[in-house]
Amino acid sequence: MSQSFKLRYQNEIVGTFVLVGIALVFALLLLMARSQQWFEETFQCEIRFRSGNVALISDGMQLRIRSQVIGQVTSSKYDGTSRLVVKAAIGTRYRQAVHKDTEAVLYTPIAGLPGEPYIELKGGKSPDPIAEGAVLQGRAAEDLLQLATDVLTDTQRHLGPTLREVHRLTERLNLAMDALAKDNDPVDTALAVARLGLRLEKSLQSIERVISGLERVMDSVEKGEGVVNKMLTDPKMVRQVTTLIEATRNAANGLSRSLLIANQVAGRASKLMATSTDFMSAAKPLRQALPSLIRDGKQTLNDLAVVTSQLRRVAPHVPSLASQVDEVLLETRNVLGAAERHWLFNGTLRPTKPAASLPVRGLRDTPSTPAEAGLRELLDAKPSTPSTSGATP
643 MSQSFKLRYQ
653 NEIVGTFVLV
663 GIALVFALLL
673 LMARSQQWFE
683 ETFQCEIRFR
693 SGNVALISDG
703 MQLRIRSQVI
713 GQVTSSKYDG
723 TSRLVVKAAI
733 GTRYRQAVHK
743 DTEAVLYTPI
753 AGLPGEPYIE
763 LKGGKSPDPI
773 AEGAVLQGRA
783 AEDLLQLATD
793 VLTDTQRHLG
803 PTLREVHRLT
813 ERLNLAMDAL
823 AKDNDPVDTA
833 LAVARLGLRL
843 EKSLQSIERV
853 ISGLERVMDS
863 VEKGEGVVNK
873 MLTDPKMVRQ
883 VTTLIEATRN
893 AANGLSRSLL
903 IANQVAGRAS
913 KLMATSTDFM
923 SAAKPLRQAL
933 PSLIRDGKQT
943 LNDLAVVTSQ
953 LRRVAPHVPS
963 LASQVDEVLL
973 ETRNVLGAAE
983 RHWLFNGTLR
993 PTKPAASLPV
1003 RGLRDTPSTP
1013 AEAGLRELLD
1023 AKPSTPSTSG
1033 ATP
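The sequence shown lines up with residues 643 to 1035 when you count with my numbering.
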């Protein structure tokens, strides 16, 4: 009787599972080696945070440049002057991207939100790359909750005057449009200017006829004809008549210029009429939209006030959220410690050091509110260890 398939290929099946297990273990070791940078050349540097308002910094925290992981934190400790000195290992291939004046910024998520803290390396205008053991200056990123509150407060403070200016602009626009509506019609103005031009033209024609008559008289005088010649034999009289003719001619020229100006005024009045009509038609939608804009602005101002009050109401609960995050971190550290002691990872995982914790971002050295005082007391309290006296082994 032939053997079953299971018995015939039992060794092959067992060998396949063993090979798969070995491959998985090898892949896991490669991932661990890559994450711990076991096979990558690194150089050491220090990061000194100028402020004590930074959150938890633990060994293994990532260092990034433009979201690219370039290294990790190897140790962190206080230097006795309320400053935190962090030692980090950075890949040698990233040395050219880090300069002497590069700034390290610590980013941490808001308590209760997912995400892990990391250190971002920013800026640097120096052409020289960082040297082995160089010191970089670090700072904590802005508190997002406080930053959002400040932005809302500034927006609320600046939006009020803007709305008042828009309201005054609306009133002035209404007054201007009412004044244009109450003034005389531009058509009447153009007609009045045209009538004035006609009158000036008639006066000019009359003056020209007078000048023509005087010129004929002067011609007859020069020829020595008629009684007028006898009356105007006096040279003084001739000069007076000549002066009169010149004055009349100057008056005619003035009237001509006045007529030209009147025609120009008539043309400008026509353009003004067209412009005022276009202005009225263009300002009508704006006049209709400004009241709704003011109402929307006032509603936005009220919404900002509500959001600001909500943020202030939520702020006292931030300490409890931070406490929950600390508990989660503690449980995670315990799990990692148990994994380090497990026989499967014996000797492969480096022992983790306790995280160097600093006051939570956003707390001042002197608490100004009961919420900050409670959070300060919660973070400064040391965990109590259970008594072992009298306990059985």
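Virtual Cβ for every residue (Gly too), placed ideally from N, Cα, C.
In this structure, DSSP gives P933 a helical state, which the three-state scheme calls helix. Taken in chain order, the complete beta strand (DSSP E) segments of 3 or more residues contained in the segment 717-778 are 726-733, 745-749 and 760-764. Within the same chain, Cβ atoms closer than 6 Å to the Cβ of D721 are found at V727, the five residues on either side in sequence being excluded. Annotation for R706: the continuous beta strand (DSSP E) segment containing it runs Q704 to I707. At a Cβ-Cβ threshold of 8 Å, L778 and A739 do not count as neighbours. Look at E843 here: in three-state DSSP terms it is helix.
The segment 654-666 and the segment 699-707 do not touch, with fewer than three beta-carbon pairs separated by less than 8 Å. Put simply, the backbone Cα of L943 is about 27 Å away from that of L817. L935 is a Cβ neighbour of V808, given a cutoff of 8 Å. Looking at the DSSP output, A782 shares a beta bridge with L748. Residue pairing by DSSP places R690 opposite V727 and Q779 in a beta bridge.
If you draw a straight line from the Cα of L748 to the Cα of V660, it is about 45 Å long. Closest by C-alpha distance to E813, out of S768, R708 and Q930, is Q930.
The distance from the Cβ of I689 to that of A730 is about 6 Å, consistent with a contact at the 8 Å cut-off.
Excluding residues up to 5 positions away in sequence, E683, T684 and F685 lie with their Cβ nearer than 7 Å to the Cβ of T734 in the same chain. By the beta-carbon neighbour count (other beta carbons within 10 angstroms, threshold 16), H741 is buried. Of all alpha-carbon atoms in Q966, V949, R975 and L978, the one lying nearest the alpha-carbon of T795 is that of V949. Between the alpha carbons of G766 and R692 lies a gap of roughly 18 Å. Nearest Cα to L763 within the set R781, G775 and G657: R781.
By the beta-carbon neighbour count (other beta carbons within 10 angstroms, threshold 16), T744 is buried. Assignment of beta-bridge partners to V660 by DSSP yields no partner.
Separation of Q847 and K913 (C-alpha to C-alpha, rounded to the nearest whole angstrom) is 29 Å.
By the Cβ neighbour-count rule, T750 is buried, with 16 or more other Cβ atoms within 10 Å of its own.
Closest by C-alpha distance to A776, out of R737, R799 and E784, is R737. The beta carbons of I772 and C687 sit closer together than 8 Å. In this structure, L946 sits away from T804, with a CB-CB distance that is not shorter than 8 Å. Classified as buried, Q714 has 16 or more neighbouring CB atoms from the shown chains inside 10 Å of its CB. For R954, the closest alpha carbon among the candidates R899, D792 and S854 is that of D792. Around T716, the same chain offers Q686, D701, K729, A730 and A731 as residues with beta carbons nearer than 8 Å, after the five sequence neighbours per side are excluded. Bridge pairing for F685: I732 [DSSP]. S709 counts as exposed, since fewer than 16 other C-beta atoms from the protein chains shown sit within 10 angstroms of its C-beta.
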